[in-house]
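Protein chains: 2
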Amino acid sequence: MKVSTQSVQPLAPLMGGIFPAACPSRTVLDHVSSKWGVLILVALAQGPQRWSELRRRTEGISEKMLAQTLKTLEGDGFVHRDAQPIIPPRVDYSLTSRGLDLVALLIPLLEWINENAEDIVNGS
Amino acid sequence: MKVSTQSVQPLAPLMGGIFPAACPSRTVLDHVSSKWGVLILVALAQGPQRWSELRRRTEGISEKMLAQTLKTLEGDGFVHRDAQPIIPPRVDYSLTSRGLDLVALLIPLLEWINENAEDIVNGS
DNA sequence: TAAGGTACATACATGAAAGTAAGTACCCAA
DNA sequence: TTGGGTACTTACTTTCATGTATGTACCTTA
């Protein structure tokens, strides 16, 4: 196995901002890397969607977790909630510009993980 | 608040690989986004380090979690462990080339989070 | 000889995240 | 009038990640 010998770059500022135990960065990271956070974000990267579409698409999620995850993502300003006061109710969820910025960085990482995950878990 | 109206790109393959409940991708993502996983990885991005250096640098980590996190990262092939059979023991940890690939994608994301985290958590 | 350093392992406890199940309120189609 | 759809909320339970505490084995310095 190849081994890196050197550092990538000076990361001092990053270290200061991420290492403290209860920092904002940690909070945000926990939100997006929560069990369903990533899934919702990449689902919404495919375009605005309704509650029931997200629920069907995100296989295995419970209604509670869908509501909860959408709420924190909305609270963080990643997701926009558009509720139309009609009956039956119609609610559309979409990414905000901040959400788009985030997924733009998230997608390459997830693609890499997706491509390498099998090799990684079976140790090759 | 600005709202995106359209999808970013076709992400179909990603959806298939990440959405299943107990998929390899999920496992790997959980490993790297675990409470201490990211920290250890960016710490090692600054160059090879010894156990005690990592322990001091990663403020607040317990020895149990350091050992555990290093083991899973080593098991995933992100981290290389070099133990010299001397007394007192000397063990150097470093990123593998796979680990380097990963942090190369991780760093931009973490920098973005670090820059925006404060605005995000206090809702502005 | 007592304290502190190296690098861990292991048993037990806790707490937060996630799951389960049920309820709400309204409408429509069979 | 029974079942299904819209979009949720709430109470309770379980599971798993993480924390705490202590032990190991050897060496060096005060």
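Protein chains in written order, with the numbering used here: chain C, 45 to 168; chain P, 45 to 168. All C-beta atoms, glycine included, are put in the ideal place defined by N, C-alpha and C. Small disclaimer: the values here were computed from a predicted structure and weren't measured.
Query: Short-range partners of chain C found in the region 142-154 of chain P, where Cβ spacing is below 9 Å; Result: R142, G143, L144, D145, L146, V147, A148, L149, L150, I151, P152, L153, L154
Query: Contacts of C:T71 in chain P (Cβ-Cβ under 9 Å); Result: A161, I164, V165
Query: Residues that P:Q93 bridges to, as DSSP identifies them; Result: P:Y137
Query: Interface positions of the region 80-112 of chain C facing chain P (Cβ-Cβ less than 9 Å), listed along the chain; Result: V82, L83, V86, A87, L88, A89, Q90, G91, P92, R101, T102, E103, G104
Query: Residue-chain proximity (C:P68, chain P), Cβ-Cβ < 8 Å; Result: yes
Query: Inter-residue Cα distance where the pair is C:T116 and P:K79; Result: 19 Å
Query: Beta-carbon proximity of P:I157 to C:V147, cut-off 8 Å; Result: no
Query: P:Q93 to P:L85 span [Cα, whole Å]; Result: 11 Å
Query: Inter-residue CB distance, C:P68 and P:I164 (contact presumed, cutoff 8 Å); Result: 7 Å
Query: Counterpart residues of P:D126 in DSSP-defined beta bridges; Result: P:D136
Query: Assigned secondary structure, C:K79 (DSSP; H/G/I helix, E/B strand, else coil); Result: coil
Query: Outcome for C:R134 when other beta-carbon atoms lying within 10 angstroms are tallied against a minimum of 16; Result: exposed
Query: Whether C:A87 touches C:L98 by CB criterion (8 Å); Result: yes
Query: Where C:I157 meets chain P, residues with beta-carbon distance less than 7 Å; Result: S69, V72, L73
Query: Burial state of C:G143, where buried means 16 or more other Cβ atoms lie within 10 Å; Result: buried
Query: Distance between P:I131 and C:I186 (C-alpha atoms, nearest Å); Result: Absent from the model: residue 186 of chain C. The displayed extent of chain C is 45 to 168, so no value can be given.
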